[in-house]
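Reading through the C-alpha cells given below for one structure.
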Amino acid sequence: MQLHFTKDVLPDSVSSDFQNLNKLNEQQFVGLTEILFQFLLQPKETERFLQRLSEFASQHGMSSGPLRNLMKSVLLVPQGALKKNLTAEQLREDLVTLGLNQDKAAHFSQQWSEHGSALSRVALSQILTVNQLVDMEWKFGVTVGTSEIHKVGNIFLQLKLVIRKGNSTENVYMELTLPQFYRFLHEMERAKTTMDSFS
Numbered sequence: 445m446q447l448h449f450t451k452d453v454l455p456d457s458v459s460s461d462f463q464n465l466n467k468l469n470e471q472q473f474v475g476l477t478e479i480l481f482q483f484l485l486q487p488k489e490t491e492r493f494l495q496r497l498s499e500f501a502s503q504h505g506m507s508s509g510p511l512r513n514l515m516k517s518v519l520l521v522p523q524g525a526l527k528k529n530l531t532a533e534q535l536r537e538d539l540v541t542l543g544l545n546q547d548k549a550a551h552f553s554q555q556w557s558e559h560g561s562a563l564s565r566v567a568l569s570q571i572l573t574v575n576q577l578v579d580m581e582w583k584f585g586v587t588v589g590t591s592e593i594h595k596v597g598n599i600f601l602q603l604k605l606v607i608r609k610g611n612s613t614e615n616v617y618m619e620l621t622l623p624q625f626y627r628f629l630h631e632m633e634r635a636k637t638t639m640d641s642f643s
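Listed below in C-alpha cells is the structure:
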C-alpha cells in the first residue's frame, strides 16, 4: 500500500477504522469531520475535542471509547499530510487507498483545501513555540596547528545556540566548516522566507 502521507507501514487497525467510517451516514460523517478539523485548528483544546466526541457518540447511539480510537487513526492522516505538505488530491488518494469511499474522501479533501493554509500556520506556530531560539553567539577561527597538514588554514565557525524548551533553556554547540556554514545560512534564509510568507 503506497501512501503519500507516510512511508511507514500502518497497522491493519488503521485501514479497518477507515472502512468503519464508511458505515456513517453523510450527516454523521460531515459532523465528525467538522469536529476533527476544529481540533486540528485548535490543537491545544484537547478536552473540548474529547467532550465533543463524547457528545457526538451519545447523539448517534455510539460508544465513545471506540469512537476515540477511530479518531486516533483518522488523525494520523492529516497530521502526516501537514508534515509532508500534501495537496487535497494527494490526501484524497490516501483516504481512498485506506478504504474510505470516494464521496467521503472528496468531502474530507475539500475541507482540507478550505482549511489548508490555516492548518499550516497552526502547525508552524507549534513548531516555533516548541523550540524558540533565544540567543546565538558565534566565533570564526582558522586552524593553525594540527597533525593533518591539509587541515592547516581551514576556516571554521563555532556556534552557541540558546534554545528555550518549555520553561528551561538549553545550550547547543556546533562547529561548522565554511561550506557547512554557508549551507546552514542558506537554510536559515529559506526558513525566514517561508515564515515571512505565512505572516
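Okay, so the sequence shown: first residue is 445 according to the numbering used here, each after it adds one. We put the beta carbon where it would ideally sit given N, CA and C, even for glycine.
The alpha carbon of valine 518 has as its nearest neighbour, out of Gly505, Leu539, Gln534, His559, the alpha carbon of Leu539. In its chain, beyond the 5 residues on either side, Gly597, Asn598, Ile599, Phe600 have a beta carbon closer than 8 angstroms to the beta carbon of valine 586. For tryptophan 582, the pairing in a beta bridge is given by DSSP as Leu603.
Under the DSSP definition of a beta bridge, leucine 620 partners with Leu601. Two segments are said to touch when three or more pairs of C-beta atoms, one from each, lie closer than 8 angstroms; by this definition the stretch 492 to 511 does not touch the stretch 519 to 528. With contacts defined as CB atoms closer than 9 angstroms, isoleucine 607 and valine 566 fail to qualify as a contacting pair.
Restricting attention to Ala532, Lys548, Glu537, Leu485, the CA atom closest to the CA of valine 474 is found in Lys548.
Annotated three-state conformation of serine 507 is coil, per DSSP. Here the alpha carbons of proline 487 and phenylalanine 481 stand approximately 10 angstroms from one another. In this structure, DSSP gives threonine 613 an extended state, which the three-state scheme calls strand. In this structure, leucine 520 sits near valine 458, with a CB-CB distance shorter than 9 angstroms. For asparagine 464, the enclosing alpha helix (DSSP H) stretches over residues 456 to 465.
For glutamate 537, the closest C-alpha among the options Glu633, Leu447, Thr638 is that of Leu447.
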